[in-house]
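What follows is a short report on a single structure.
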Amino acid sequence: MRRPTSFHFQRLAEVCGYLDDDPWALQSTVENEPSRPCRDADPERFFPPDSTRFLGDDLLVERERIANLCGDCPVRTQCLAGALLRGEAYGSWGGVSQPDYHIIRRVLREDQDRRQEAA
Ligand code: SF4
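Below you can see the structure in the form of structure tokens.
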């Protein structure tokens, strides 16, 4: 199991302000953003094949590929927050590659579980 790094915690901190939002409203915000770089891109480019394991340099290549696809997207935080709130299991969201998205999703769930147990 991959460990989270400062990158994952930083992206998680960015989405915290959106975690009480309506996920479908966030999706609408993303879809209606005229300058989002993925607007005319093939959605398949954000969903790697199921068999991809991202070992070694493959992970670095995938991170760079998604970072280049998303560029300076103005709604990247809403994109990532919406995916987390909708419980998206696959895909690259908010400029985050699928393997990194899985780490962020896991850390968020663990944090939510801890909070529930403490309440
Ligand atoms: S972050 Fe990437 S996938 Fe999300 S809306 Fe922006 S360009 Fe599209």
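Using the UniProt record's numbering, the final residue of the sequence shown is 119, and nothing's skipped along the way. Note that CB positions come from ideal geometry on N, CA and C, so glycine has one too.
{"Asked": "Whose C-beta lies closer than 8 Å to the C-beta of Arg76 among residues of the same chain, with five residues either side of it excluded?", "Found": "Cys70, Gly94, Gly95"}
{"Asked": "For Pro48, I'd like the list of residues in its chain whose CB is within less than 6 Å of its CB, leaving aside the five on either flank, ordered along the chain.", "Found": "Gln98"}
{"Asked": "State whether the segment 54-74 contacts the segment 14-28, with contact taken as three or more CB pairs (one from each stretch) at a distance under 8 Å.", "Found": "no"}
{"Asked": "In chain order, what residues of the same chain have a beta carbon less than 7 Å from the beta carbon of Ile103, not counting five sequence neighbours either side?", "Found": "Arg2, Pro4, His8"}
{"Asked": "Starting from Pro99, follow the alpha helix (DSSP H) in both directions and report where the run begins and ends.", "Found": "98-118"}
{"Asked": "Tell whether a beta-carbon distance below 8 Å holds between Val15 and Leu84.", "Found": "yes"}
{"Asked": "Can the beta-carbon of Leu80 be found closer than 8 Å to that of Arg11?", "Found": "yes"}
{"Asked": "Which residue marks the beginning of the alpha helix (DSSP H) containing Pro23, and which one marks its end?", "Found": "23-31"}
{"Asked": "Would you kindly work out how many angstroms separate the C-alpha atoms of residue 120 and Glu33, rounded to a whole number?", "Found": "Residue 120 is absent from the structure shown; the chain starts at 1 and stops at 119."}
{"Asked": "Within the same chain, show all residues whose beta-carbon is closer than 6 Å to that of Glu62, passing over the 5 residues directly before and after it, in chain order.", "Found": "Phe54, Ser97"}
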